[in-house]
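These protein sequence lines are chains A and B, in that order. Take 151 as the starting number for the first sequence in our numbering and just add one per residue. Take 538 as the starting number for the second sequence in our numbering and just add one per residue.
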Amino acid sequence: MRGGRRLPLAAAGGLLLLALGAPLARGTEPPRGIPLSELRSGREFVSPETRDQQDDLAVNPGMLWVAQGEKLWHEPAGAGGRACASCHGEPGSLAGVAARYPRYDAALGRVLNLEARIRHCRSERQGADPLAYESQPLLALTALVAYQSRGAPLAVSIDGPARPAFEAGRSLYHERQGQLDLACADCHERFWGRRLRAERISQGHPNGFPAYRLEWQTLGSLHRRLRACFQGVRAEPFAAGSPELVSLELYLAWRAQGLPVETPAVRR
Amino acid sequence: MAATRIVVPPRARKGQVVEIKTIINHPMETGFRHDNVGRPIPRNIITRFTCTYAGEQVFAMDLFTGVAANPFVAFTTVATETGDLVFEWTDQHGAVTREVVRLTVT
Chain A
151 MRGGRRLPLA AAGGLLLLAL GAPLARGTEP PRGIPLSELR SGREFVSPET
201 RDQQDDLAVN PGMLWVAQGE KLWHEPAGAG GRACASCHGE PGSLAGVAAR
251 YPRYDAALGR VLNLEARIRH CRSERQGADP LAYESQPLLA LTALVAYQSR
301 GAPLAVSIDG PARPAFEAGR SLYHERQGQL DLACADCHER FWGRRLRAER
351 ISQGHPNGFP AYRLEWQTLG SLHRRLRACF QGVRAEPFAA GSPELVSLEL
401 YLAWRAQGLP VETPAVRR
Chain B
538 MAATRIVVPP RARKGQVVEI KTIINHPMET GFRHDNVGRP IPRNIITRFT
588 CTYAGEQVFA MDLFTGVAAN PFVAFTTVAT ETGDLVFEWT DQHGAVTREV
638 VRLTVT
């Protein structure tokens with residue numbers, strides 16, 4: 151499908167480029183609400199104390215989950231009695247991987263986020279129970295894997311088969327929702343940096359998740375955070391791990407392209 | 538046994554002030570909250586944290602419901618001799634989480 155349509159689209163994009171003189175890298179690159187040069191991680195919207203708590207790994211409470219994840223990593227599970235370490239070796243072998251998620255999986259024919267990938271690994275490779283979304287062991291393993299990419303710039307692929315999910319996420323991001331009739335873009339693109347009651351509105355980037363939120367007093371997934379946003383605008387939240395939230399996650403990761411992975415981040 | 542993280546400098550000079558950082562994984566549930574169907578969530582907190590250094594108590598504190606989950610405690614002590622730092626967190630039911638870290642003094 152893509153082969154046939156791509157050329158004319160690219161050509162049209164090229165013409166548009168010439169016409170507007172817009173600094174687009176490629177014809178198929180979607181427009182960005184916030185230019186790459188103005189991206190600011192959620193880290194910059196929290197208090198200096200919270201920032202210190204995130205940066206000092208001895209103090210960062212999220213490291214408790216990373217340590218727990220390391221234990222689980224070496225623990226055999228399921229029928230084959232295999233652990234994560236049996237195939238992957240040390241967790242460090244997955245350095246940089248989390249920065250490329252969510253990612254299209256050709257065998258499954260859909261986009262998987264890190265949690266879904268770990269759940270798939272557990273059920274298919276280990277023959278164990280897939281861990282429930284938002285359960286402590288899944289959070290711990292996700293935090294461990296994402297932690298291996300700490301500092302790596304987000305770089306997801308939205309080309310080819312990942313494109314439909316990306317477009318779904320993009321439209322969800324810009325769609326007004328709930329009783330407050332607000333889209334994600336309304337707060338996080340138009341009004342970031344301004345105050346919403348006592349808090350400064352962030353740009354809404356996913357690079358710190360799973361993150362330790364002081365409000366939760368625990369580590370939580372990006373989908374938990376997104377569900378809280380949906381509830382905030384009084385919309386019916388999608389289920390954690392649902393295709394809608396994975397699509398949105400893919401869009402958010404593309405939108406935050408180049409920001410470093412900060413897992414486990416500390417957020418309000 | 539709850540998960541803990543403890544940071545102690547691996548070695549110190551005699552007379553040096555060393556900073557010790559500890560964190561323990563604990564919900565510190567206040568007992569004032571209710572779950573999503575209105576049942577009260579029972580109180581579940583750590584009530585006491587102590588640290589001894591070479592057998593002598595160098596730090597102790599009582600904890601109450603106002604302390605956030607995963608309590609982080611940092612304190613200092615003077616390095617006097619090579620010995621074990623023994624950390625003990627006691628919860629309201631009397632269960633103790635104990636960790637030992639050796640401090641080498643040169």
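Heads up, the beta-carbon is just placed ideally off N, CA and C, and yes, glycines get one too.
Tell me residue i's beta-bridge partners as DSSP assigns them.
i	result
B:V642	B:A549
A:P356	According to DSSP, which records beta bridges pairwise, A:P356 is partnered with nothing at all.
A:V416	A:Y362
A:P181	Bridge partners of A:P181: none, in fact.
B:T559	B:I543, B:V610
A:L332	A:Q327
B:V554	B:V615
A:R300	A:V411
Buried or exposed: where does residue i fall if 16 or more other Cβ atoms within 10 Å of its Cβ makes it buried?
i	result
A:V306	buried
A:F359	buried
A:A290	buried
B:F624	buried
A:C237	exposed
A:H355	buried
A:H338	buried
A:G231	exposed
B:I557	buried
A:R384	exposed
B:N573	exposed
A:S397	buried
A:S299	buried
A:L369	buried
B:I582	buried
A:F341	exposed
A:I268	buried
A:F316	buried
B:H601	Reading off the sequence, residue 601 of chain B comes out as Phe, not His. Counting Cβ neighbours within 10 Å, B:F601 comes out exposed, since fewer than 16 surround it.
What three-state label does DSSP hand residue i in the structure shown?
i	result
A:L262	strand
A:G370	strand
A:Q204	helix
B:E636	strand
A:L170	Because A:L170 sits at a pLDDT of 43, beneath the cut-off of 50, its placement in the model cannot be relied upon, and the following sentence gives the value as read from the coordinates. Three-state DSSP puts A:L170 in a helix.
A:Q327	strand
A:L189	coil
A:W349	First, the amino acid is wrong: residue 349 of chain A is Glu here, not Trp. In the structure shown, A:E349 sits in a strand (DSSP, three-state: E or B).
A:V295	helix
A:E199	helix
A:R344	coil
A:E339	helix
A:F380	helix
A:A305	coil
B:G603	coil
A:E386	coil
A:G310	helix
B:G631	coil
Can you tell me where the beta strand (DSSP E) with residue i in it begins and where it stops?
i	result
B:V623	620-628
A:R363	361-363
B:V615	609-615
B:V646	This structure leaves residue 646 of chain B out entirely; chain B is present only between 538 and 643.
Under DSSP, the alpha helix (DSSP H) around residue i begins and ends at which residues?
i	result
B:E593	Here B:E593 belongs to no alpha helix (DSSP H); instead the beta strand (DSSP E) covers 593-599.
A:V396	393-405
A:F316	313-324
In chain order, which alpha helix (DSSP H) runs of at least 4 residues are fully inside the stretch 206-287 of chain A?
Considered as a whole, the stretch 206-287 of chain A harbours 213-223, 234-238, 264-270 as its complete alpha helix (DSSP H) runs of no fewer than 4 residues, in chain order.
Quick check on the DSSP output: what are the complete beta strand (DSSP E) runs of length 3 or more inside the stretch 561-597 of chain B, in order along the chain?
583-590
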